[in-house]
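When we follow our numbering, the leftmost residue of the sequence shown carries the number 1360, and every step to the right adds one.
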Amino acid sequence: MASEPIPINRLARQAAGPDATQTAARIMLGRAVRDLRVQAKLTQVDVASKIHVSNSTISRLEDGKGKPEQRTLDGVMTFFKVGPQQRAELQAALVRAQEPEWFQHRYTDCAPGWFQRLLGLESMAISLQGYDARLVTGLLQTKEYAGAVIRTGLHLAEWGSDEERLRVELRLERQERVFGQPHPPHCIFYMDESVLRRRVDTDDVMLAQMQHLRAMADRPYITIRFVLLDRLIAGNAGTMHGSMTHLQFGRGGLPDLVYAEFYEDAKYYSRPDDPCIDDVTAGQSKPGPAKASDYERFLQLLLRIGGEACASPVESRIMIDDAIKRFSR
């Protein structure tokens, strides 16, 4: 069975618009500066020297890392003789790039550094295609299911704590920011068949979670499919790490990326010819270059999962209905 087509012709969301995220604005600003430099056939060292800043300042600006400074952008725009329209666009992106991200202040301590870039980008995507091996994907979890999952990672003394409450709230707000938009991304969620049976809490909690999955599967922009346990691809090493997501941002938008989550770590991969989103891992101050095939490898794995290992959307709805009956007894 072929995998569902992924929309690629939809225009990107505005990275400097009122609903843009700080993360997206920083990446788009850096990409624009890099394009100006490349068109002029200059190196980062050349530009840094001309506008009297350090090489690392230009590097971080182009990589979308850290808070960009007004004087640096002014120097870039003056040096490259940027016209009024593009100057206004870059200035708007800078303003948004300097503002706090939605999860900062209240949820910063609940979101590890390697996860924050995903939080800042997924609501900007026009398409999300992901796989989760062990649990219901976080974007589809109910409050009670999420609470049970989060408690398993806390010390017993922390149960019912502010940390637990904030982590659950973060997960729910994340869902609202992705699905509560006027035009949500087209989402395809692949989950291992075992999540329909893996009990994380009481029958009532599991029943409510299965009913929620069934309701979400009826939304026109959401497709849910289960990876069957007897399919060979389900045992592939690449599917055993935890989860992975392919984010597409549309024509004229951010570079598409693959997010691969491991145990207490994650990596981001972009196309080899687009370095705007580097391979980022926890605990690395200067990430090394990703292998040229990593983006394609994870993308092909997702395509194989959808094409070779999954029940159809209709069959998957029936599987959810069976789970609802099982937890209703």
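C-beta: ideal position from N, C-alpha, C; glycine also.
In this text, all values refer to a predicted model and were calculated from it rather than measured experimentally.
request  = Taking L1616 and M1387 to be in contact with their CB atoms under 8 Å, please state how far apart those CB atoms are, rounded to whole angstroms.
outcome  = Here residue 1616 refers to the residue found at position 257 when the sequence shown is read from its first residue. Here residue 1387 refers to the residue found at position 28 when the sequence shown is read from its first residue. Their Cβ separation, rounded to whole angstroms, is 14 Å, which puts L1616 and M1387 out of contact at 8 Å.
task = Spatial neighbours of A1505 within its chain, please: CB distance less than 6 Å, with the 5 preceding and 5 following residues excluded, ordered by chain position.
result = The count along the sequence shown starts at 1 and reaches residue 1505 at position 146. Within the same chain, and ignoring the five residues on either side of A1505 in sequence, the residues whose Cβ sits closer than 6 Å to its Cβ are V1527, R1530.
R1330 in three-state terms, based on DSSP = Since the first residue shown for the chain is 1360 and the last is 1688, residue 1330 is missing from the structure and cannot be characterised.
key: Coil, strand or helix - K1502 by DSSP   = Along the sequence shown, one-based indexing puts residue 1502 at 143. DSSP places K1502 in helix when its eight states are reduced to three.
request  = From the DSSP output, in three-state form, read off V1527 for me.
outcome  = Start at 1 with the first residue of the sequence shown, and residue 1527 comes out as number 168. Residue state, collapsed to three classes: helix.
Residue range of the beta strand (DSSP E) that includes E1552 = Along the sequence shown, one-based indexing puts residue 1552 at 193. Element bounds for E1552: n/a, residue is neither H nor E.
task = Answer with buried or exposed for S1415, where buried requires no fewer than 16 other C-beta atoms within 10 angstroms of its C-beta.
result = Locating residue 1415 in the sequence shown gives position 56, counting from the first residue. That one is exposed.
key: Residues near P1543 by beta carbon distance below 6 Å, same chain, minus five either side   = Looking up residue 1543 in the sequence shown gives position 184. For P1543, where only same-chain residues beyond five positions count, the Cβ hits under 6 Å are Y1580.
request  = List the whole-angstrom C-beta distance separating F1438 from K1409, where the pair is believed to meet the contact cut-off of C-beta under 8 Å.
outcome  = If you number the sequence shown from 1, residue 1438 lands on position 79. If you number the sequence shown from 1, residue 1409 lands on position 50. Contact flag correct, Cβ pair sits at about 5 Å.
key: Contact under 8 Å by Cβ, A1492 with F1585   = The sequence position of residue 1492 within the sequence shown is 133, counting from 1. The sequence position of residue 1585 within the sequence shown is 226, counting from 1. No, these two residues do not count as a Cβ contact at 8 Å.
query = Rounded to the nearest angstrom, how far is the Cβ of S1482 from that of Q1540, given a contact under 8 Å?
reply = For the purposes of this step, residue 1482 is identified with residue 123 of the sequence shown, where counting begins at 1. For the purposes of this step, residue 1540 is identified with residue 181 of the sequence shown, where counting begins at 1. Confirmed, Cβ separation roughly 7 Å.
inquiry  = Rounded to whole angstroms, what is the Cα-Cα separation between Q1685 and I1583?
reply    = Mapped onto the sequence shown, residue 1685 falls at position 326. Mapped onto the sequence shown, residue 1583 falls at position 224. For the sequence presented, residue 1685 should be read as Arg rather than Gln. So the alpha carbons of these two residues sit roughly 19 Å apart.
ask   = For the stretch 1445-1456 against the stretch 1418-1435, are there 3 or more C-beta pairs whose distance is under 8 Å?
value = The stretch 1445-1456, when compared against the stretch 1418-1435, does touch it at the 8 Å Cβ threshold.
ask   = What is the DSSP secondary structure of A1492, reduced to helix, strand or coil?
value = If you number the sequence shown from 1, residue 1492 lands on position 133. Looking at A1492 - three-state DSSP - the assignment turns out to be coil, as it is neither helix nor strand.
request  = Tell me where the alpha helix (DSSP H) around Y1654 begins and ends.
outcome  = To locate residue 1654, count along the sequence shown from 1; it is residue 295. Where Y1654 is concerned, the enclosing alpha helix (DSSP H) stretches over 1653-1663.
ask   = Residue range of the beta strand (DSSP E) that H1605 falls in?
value = As a working mapping, residue 1605 is identified with position 246 in the sequence shown. Residues 1602-1607.
ask   = Any chance the CB of D1422 is under 7 Å from a heavy atom of the ligand ADP?
value = Among the ligands in the structure shown, none appear at all, so the ligand ADP cannot be discussed.
request  = Please determine, among G1472, M1575, D1468, H1464, the residue with the shortest C-alpha to C-alpha distance to E1623.
outcome  = Your numbering for residue 1623 matches position 264 in the sequence shown. Looking at G1472, M1575, D1468, H1464, the one whose alpha-carbon comes closest to that of E1623 is G1472.
ask   = Is E1458 helix, strand or coil by DSSP?
value = Taking the sequence shown and counting its residues from 1, the one referred to as residue 1458 is at position 99. Coil.
Unbroken beta strand (DSSP E) run spanning R1676, endpoints = Taking the first residue of the sequence shown as position 1, residue 1676 is located at position 317. Counting along the chain, no beta strand (DSSP E) covers R1676; the unbroken alpha helix (DSSP H) around it starts and ends at 1672-1687.
task = With a cut-off of 8 Å on the beta carbons, I'd call A1371 and R1610 a contact; round off their distance for me.
result = What you label residue 1371 is simply residue 12 of the sequence shown in a count that begins at 1. What you label residue 1610 is simply residue 251 of the sequence shown in a count that begins at 1. Contact between A1371 and R1610 holds, since their C-beta atoms are separated by about 6 Å, short of 8 Å.
query = Beta carbon of Q1568, beta carbon of T1501: below 8 Å?
reply = The sequence position of residue 1568 within the sequence shown is 209, counting from 1. The sequence position of residue 1501 within the sequence shown is 142, counting from 1. Yes; because the gap between Cβ atoms is below 8 Å, this pair is in contact.
ask   = Rounded to a whole number of angstroms, what is the C-alpha to C-alpha distance between Q1534 and L1499?
value = Translated into positions along the sequence shown, residue 1534 becomes position 175. Translated into positions along the sequence shown, residue 1499 becomes position 140. Their Cα atoms are separated by approximately 8 Å.
query = Taking Cβ to Cβ, would you say C1469 is nearer than 8 Å to L1555?
reply = Against the sequence shown, residue 1469 aligns to sequence position 110. Against the sequence shown, residue 1555 aligns to sequence position 196. Taking 8 Å as the cut-off, the Cβ atoms of C1469 and L1555 do not count as close.
query = Closest by CA to T1604, which one among R1656, D1589, P1443, Y1466?
reply = On the sequence shown, residue 1604 is found 245 positions in, with the first residue counted as 1. The option with the nearest alpha carbon to T1604 is R1656.
inquiry  = I'd like the span of the beta strand (DSSP E) that includes D1624, first residue to last.
reply    = As a position in the sequence shown, residue 1624 is number 265, starting the count at 1. D1624 -> beta strand (DSSP E) spans 1624-1629.
ask   = If you draw a straight line from the alpha carbon of K1424 to that of R1385, how long is it in whole angstroms?
value = Sequence index remark: in the sequence shown, residue 1424 carries index 65 (1-based). Sequence index remark: in the sequence shown, residue 1385 carries index 26 (1-based). The alpha-carbon atoms of K1424 and R1385 are separated by roughly 7 Å.
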